[in-house]
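Undergrad:
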Amino acid sequence: MTEFWLSSEQLAERAQAGRKRQVRCQQRVASAKVFIDGTQLIDFASNDYLGLSQHPSVIQAFQQAATAGVGAGSAQLLGGYQREHQALAQALADFTGRERVLLFGSGYLANMGVLSGLVGRRDALLQDRLNHASLLDAGVLSGAIMRRFQHRDYDHLERLLKQSQGRRWVVSETVFSMDGDCADIAELNRLCRQHQACLILDDAHGFGVFGNNGQGLASVCSADQAPVVIATFGKALGGYGAFVAGSHTLIETLEQQARSFIYSTALPPAVAAAAHAALTIVRDQPEHRERLLTLIERFRQGAAELGLALLPSSTPIQPVLMGDHQRALATAKALAERGFNVPAIRPPTVPEGTARLRITLTAAHSESDIDALLTALAEVLL
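Letter 38 of the sequence shown, counting from 1, is numbered 285 in my numbering, and no numbers are missing.
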């Protein structure tokens, strides 16, 4: 039989070239530690920025809700929308200052639902070149005339806006997941108002960490300035799922047209309850965010003192550019041998020649964790 997937030879070629991805079974333990292949490592690969996935209140909320069952049973429109979902959606709407919120099973599903459900085939869809793959895939699915402006190059975006016709949409992450830098949201808002475009912000890596009370970087915009805000529960809230926040009309439109919402089983109620508990912690306990920001500053200051070259990022994502993917893999292996789980990010996830170590810091790390990682980085890089 002819194989319609990668052959064993092609897989071997990828492995030989250092491009083959592989899933490793991991077991997280207390604090920021993980067991991989029986070895305990300090974990610098997690997006659990505030350490809330292991918070007792979040775990308790999950356990209590799970006593009624572990699944929603159906899509939200068919009866899967339960009281845990309703309570979470209302709390998110209040927290973000938007009229309504719609829950999705994941950030990928939310992005697919928003762009395919809102953007028309003759519309102009302008995306930052380094937007997440889910946004780019969703743009293709929408059938719109999609153009990608150079990363954070708003002069280029303005030229594309001037060249485009009809309805125009501008899409950007707030915090970029591989570089750790931030969009200039004020400039995006200015250009969208000037050219009558609709701004869509994916605040996956900003929500819960930045903004007033952890409301995210998108919170600097009013509902008129950023009509569509997307964020996830899988980063700072330490759980799973996602939401879209906006006006009543926006949410009703998505309920009618977002296929990834209409045809997907709802989040398990226990997952929604856990996200609600995590949101309450974000709102009421700023010390978790403050600790994370202190650790980021400690890491960057220590790296500067050692002469380590970091990409310019003030977020929990701290990339160390390697360039060559083989060097990135070798460095990640050397760090693992010293007790640290730091992933090597390679093409096609990042552009050719920009392989890097992607270090992510969390509030669960200790100061000694940070200092030990800096020492190990100096040993393998300097």
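Yeah, the Cβ is synthetic: ideal placement off N, Cα and C, and Gly gets one too.
Using a Cβ-Cβ cutoff of less than 6 Å, which residues in the same chain neighbour Leu297 once the five nearest sequence positions on both sides are dropped?
TA: Ala483, His535, Ala610
Undergrad: Can you list, in chain order, the residues of its chain whose CB lies under 6 Å from that of Leu582, leaving out five sequence neighbours each side?
TA: Val589, Ala623
Undergrad: Report the rounded CA-to-CA distance for Ala262 versus Pro595, giving the unit in angstroms.
TA: 14 Å
Undergrad: Short of 8 Å in beta carbon distance, which residues of its chain neighbour Val387, apart from the five on each side in sequence? Order them along the chain.
TA: Met393
Undergrad: In whole angstroms, what is the alpha-carbon distance linking Ser613 and Gly549?
TA: 14 Å
Undergrad: Can you tell me the Cβ-Cβ gap for Leu608 and Leu539, rounded? I've got them flagged as a contact below 8 Å.
TA: About 7 Å; that satisfies the 8 Å criterion.
Undergrad: Which of helix, strand or coil does DSSP assign to Met393?
TA: Strand.
Undergrad: DSSP three-state call for Asp508: helix, strand or coil?
TA: Per the sequence shown, the amino acid found at residue 508 is Phe instead of Asp. The answer is helix: DSSP assigns Phe508 an H, G or I state.
Undergrad: Using only alpha-carbon positions, find the residue among Ile477, Gln462, Phe457, Leu325 that is nearest to Leu446.
TA: Ile477
Undergrad: Let's test the definition: count the other Cβ atoms within 10 Å of the Cβ of Asn459 and tell me whether it reaches 16, buried, or not, exposed.
TA: exposed
Undergrad: DSSP puts Glu420 in a beta bridge; with which residues?
TA: Asp449
Undergrad: With distance defined between alpha-carbon atoms, name the residue in Leu553, Leu604, Arg275, Leu288 nearest to Gly485.
TA: Arg275
Undergrad: Going along the chain, which residues of its own chain have a beta-carbon closer than 6 Å to the beta-carbon of Tyr401, five neighbours each way excluded?
TA: Glu434
Undergrad: Hey, out of Asp531, Lys580, Val518, Ile543, whose CA is closest to Ser353's CA?
TA: Val518
Undergrad: Going by C-alpha to C-alpha distance, which of Asp618, Val305, Arg585 sits closest to Arg545?
TA: Per the Cα distances, Asp618.
Undergrad: Are there three or more Cβ pairs, one per stretch, closer than 8 Å when the region 560–571 is compared with the region 598–608?
TA: yes
Undergrad: Please report how far the alpha carbon of Ala591 lies from the alpha carbon of Met425, in whole angstroms.
TA: 11 Å
Undergrad: Enumerate in chain order the residues of its own chain whose CB-to-CB distance from Ala336 is below 8 Å, with the five nearest sequence positions on each side excluded.
TA: Arg347, Val348, Leu349, Leu350, Phe490
Undergrad: Keeping to the same chain, check which residues put their C-beta closer than 6 Å to that of Thr479; ignore five residues upstream and five downstream.
TA: Cβ neighbours of Thr479 beyond the five flanking positions: Gly354, Ala451, Ala489.
Undergrad: Candidates Ala444, Gly461, Phe457: which alpha carbon is nearest Gln472's?
TA: For Gln472, the nearest C-alpha among the options comes from Ala444.
Undergrad: Whose C-alpha, out of Gln333, Gln307, Leu382, is nearest the C-alpha of Ala513?
TA: Gln333
Undergrad: With a cut-off of 8 Å on the beta carbons, I'd call Arg376 and Gln397 a contact; round off their distance for me.
TA: Cβ-Cβ separation between Arg376 and Gln397: approximately 6 Å, consistent with a contact (criterion under 8 Å).
Undergrad: For Arg605, report the span of its beta strand (DSSP E) as first-last.
TA: 602–607
Undergrad: On the DSSP letters alone, give me the boundaries of the beta strand (DSSP E) that Ala371 sits inside.
TA: 371–375
Undergrad: Using 8 Å as the threshold, is the C-beta distance between Ala277 and Ile289 below it?
TA: no
Undergrad: Are the Cβ atoms of Leu501 and Gly360 separated by less than 8 Å?
TA: yes
Undergrad: In terms of DSSP beta bridges, what is Phe587 paired with?
TA: Ile289
Undergrad: Looking at the unbroken beta strand (DSSP E) that takes in Phe309, where does it start and where does it end?
TA: Where Phe309 is concerned, there is no enclosing beta strand (DSSP E), although the alpha helix (DSSP H) it sits in stretches over 303–313.
Undergrad: Alpha carbons only, please: which of Trp252, Val317, Phe454, Asp341 is nearest the one belonging to Asn294?
TA: Phe454
Undergrad: DSSP puts Val475 in a beta bridge; with which residues?
TA: Ile447
Undergrad: Are Ile528 and His302 touching if we call contact CB-CB under 8 Å?
TA: yes
Undergrad: For Cys439 and Val417, what's the separation of their Cα atoms in angstroms?
TA: 7 Å
Undergrad: Around the Cβ of Ala264, are there at least 16 other Cβ atoms within 10 angstroms (buried) or fewer (exposed)?
TA: exposed
Undergrad: Look at the alpha carbon of Pro559 and the alpha carbon of Gly600, and state the distance between them as a whole number of angstroms.
TA: 18 Å
Undergrad: Use the C-beta contact count for Tyr328: other C-beta atoms within 10 angstroms, 16 or more gives buried, fewer gives exposed.
TA: buried
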